Amino acid sequence: MATDVVMPQMGESIFEGTITKWLKKPGDKVQRDEPLFEISTDKVDAEIPAPSTGVLQEIKVAEGTTVQVNTVVASIAADAEGAAAPAPAKAAAPAKQAEPAATPPQPEKKVSEAAPAQPEPARAQQKEVIEFPQAGEEDHVRSSPLVRRIARDNNVNLSQVQGTGLGGRITKQDILDYLEKGAPAPSRATTAGAAAAAMPTPAPAPAAIPGELSPLSQMRKIIAQRMLESRRTSAHVHNLFEVDMTRIVNLRNKLKGSFEQRYGTRLTFMPFFVRAAIIALQQFPILNASVEGDGIRYHEHVNMGIAVALDWGLIVPVLKNAEEKNFLGLQRGITDLGERARTKKLMPDEVQGSTFTITNPGSFGAVFGLPIINQPNVAIMGVGGIAKAPVVVTDKEGTDSIAIRSLVHLTLGYDHRVIDGAVADQFMALVKKTLENWSEEIG
């Protein structure tokens, strides 16, 4: 008997999902709980595992299609059933791939002319390797849709690219570095021959072709909708505070090696900012609230949303009951959420229920940012880059001098409907004081 594969309901409020990529083809063997396809919903992107072991018999819903939850999107035949009739499943794939062969893209036509004459089956096989990597070669290479597109545009076999991400995941920077070094994939070198040698080293391919109208991804549509809704909902105001991080920078430099060795996780700056924000939120609970109709709901716990930049968009996983965690618990929670966000392992409830959000544009070099509030929060804190600068410092005797200090610029975006400027400034002054006079144990 065949097992139906259905669009899962990834949370009570989710009623549909978009299939963004099939990770297997009809005729491929699959193991139970092995990633089978990727979906995008209005809450999270995720990899959906196979419900049983067997052979992928049929794909009923194409990539890019949005369907209701519990819709049957594919079927998996038992091993014996799939083995009894392997020919039809495998015969369908070459037939589909052969359709564009009569009018191949111009660059590929040139490659074929430059390559030595060879039997038709061999040429078809090489074309298949370049355009449609087969199972066992690239199917198990972890990468994002953007990375795979860049690889396809440049005929790069991803199994030849060294990944530096979590679990060997290939990041956008990995593929761009590979292209910049001019390291050709074996399949490309074999088919290009003398034509490839005559061409200069290609520049890294852009994410989109100039002049091409690229449709918005499902995640991009959702981000656009949420940002516009937030702008229309909240009366956005921002303040900016400069914070001396020298004490924390020195502490981190001193302890980061022993911290990672002792606890098995890197020591980053984010838990310092999260802890300082928690202390200030407990002092000024109006910033840990939300507007409901004509009222204000003050939340019992601090559910800290931490924005994570992905190759394909932005997501805000939530560290629940953050005020109950010590410094080590915060660091482990932040690291875990970030890693699972990048590998599409988050569950819908892990990106819902935030009461305050922190975003970190400084990780990409920004001095500061003016973030949009993450609804239904009433405030969001942006963390700029930490950089050394000459500043005037005053000692206990009142003597001024010039010193090199590590500075960061923090911005607070807040909803002026419920938060007054004086309260927002007092909140940030307490965050600043906590960071500049850090005394809490970090392990």
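Here the numbering used here is used: the first residue of the sequence shown is 1, the next is one more, and so on.
Each residue gets a CB set at the ideal place from its N, CA and C atoms; glycine is no exception.
Just so it is clear, the structure is predicted and the values come from calculations on it, not from any experiment.
How is the beta strand (DSSP E) around Phe364 delimited, first residue to last? Phe364: not part of any beta strand (DSSP E); DSSP gives it neither H nor E.
C-beta contact flag for Tyr414 and Val378 at 8 Å: Contact flag set, yes.
According to the neighbour-count rule (16 or more other Cβ atoms, all chains shown, within 10 Å of its Cβ), is Met428 buried or exposed? Buried, by the Cβ-count rule.
Which residues in the same chain have their Cβ closer than 7 Å to the Cβ of Thr41, if we skip the five residues on either side of it in sequence? So the list reads Met10, Ile14, Gly17, once near-sequence residues are dropped.
Alpha helix (DSSP H) containing Gln261: first to last residue? Counting along the chain, the alpha helix (DSSP H) containing Gln261 begins and ends at 246–263.
Using the beta-carbon count (16 or more within 10 Å), is Gln218 buried or exposed? By the 16-neighbour rule on beta-carbons within 10 angstroms, Gln218 is buried.
Pro390 beta carbon less than 8 Å from that of Ile404: Annotated as proximal: Ile404 and Pro390, with beta-carbon spacing under 8 Å.
How many Å lie between Gly329 and Ala276 at the Cα? Gly329 and Ala276 have their C-alpha atoms spaced approximately 15 Å apart.
Leaving out five residues before and five after Asn321 in sequence, what residues of the same chain have Cβ atoms less than 8 Å from its Cβ? So the list reads His301, Val302, Asn303, once near-sequence residues are dropped.
Might you give, ordered along the chain, the residues of its own chain that have their beta carbon closer than 6 Å to the beta carbon of Arg340, omitting 5 neighbours on each side? Excluding sequence neighbours, Arg340 sits near Leu346.
Val67 (DSSP reduced to helix, strand or coil): Three-state DSSP puts Val67 in a strand.
Output the distance between the C-alpha atoms of Ala422 and Pro215, rounded to the nearest integer angstrom. If you draw a straight line from the Cα of Ala422 to the Cα of Pro215, it comes to about 44 Å.
Please state if the CB of Met381 and the CB of Leu412 are separated by a distance shorter than 8 Å. In this structure, Met381 lies closer than 8 Å to Leu412 by Cβ.
Contacting residues, own chain, Cβ-Cβ under 6 Å from Leu319 (five flanking each side not counted): Excluding residues within five positions, the ones whose Cβ falls inside 6 Å are Met304, Gly333.
Thinking C-beta only, is Val351 closer than 8 Å to Val383? Val383 places its beta carbon 8 Å or farther from that of Val351.
Leu56, DSSP secondary structure in three states: Residue state, collapsed to three classes: strand.
Verify whether the separation of the beta carbon atoms of Val237 and Ser406 is less than 8 Å. For Val237 and Ser406, no; Cβs fall outside 8 Å.
What are the residues that DSSP puts in a beta bridge with Trp22? Phe37, per the DSSP bridge assignment.
Where does Phe241 fall in DSSP's three states? Under the three-state reduction of DSSP output, Phe241 falls in the strand class.
Between which two residues does the alpha helix (DSSP H) holding Pro271 run? Boundaries of the alpha helix (DSSP H) harbouring Pro271: 270–283, taken from the DSSP string.
Using three-state DSSP, classify Ala341 as helix, strand or coil. Residue state, collapsed to three classes: helix.
Rounded to whole angstroms, what's the CA-CA distance from Met7 to Asn70? Just pull it up for me. Between Met7 and Asn70, the C-alpha separation is close to 5 Å.
Taking DSSP's pairing of strands, which residues face Ser401 in a bridge? According to DSSP, which records beta bridges pairwise, Ser401 is partnered with Val393.
Which residue's Cα is closest to the Cα of Trp438: Trp312, Phe272, Asp395? For the residues Trp312, Phe272, Asp395, the minimum Cα distance to Trp438 belongs to Phe272.
Mind checking Glu440: buried by the 16 CB within 10 Å criterion, or exposed? Classification for Glu440: exposed.
Can you tell me which of the three DSSP states Leu310 falls into? Assigned with DSSP and collapsed to three states, Leu310 falls in strand.
Measuring straight from C-alpha to C-alpha, what distance separates Leu240 and Gly362? The alpha-carbon of Leu240 is positioned some 14 Å away from that of Gly362.
In the structure shown, what three-state DSSP assignment does Met227 receive? Met227 falls in the helix class under three-state DSSP.
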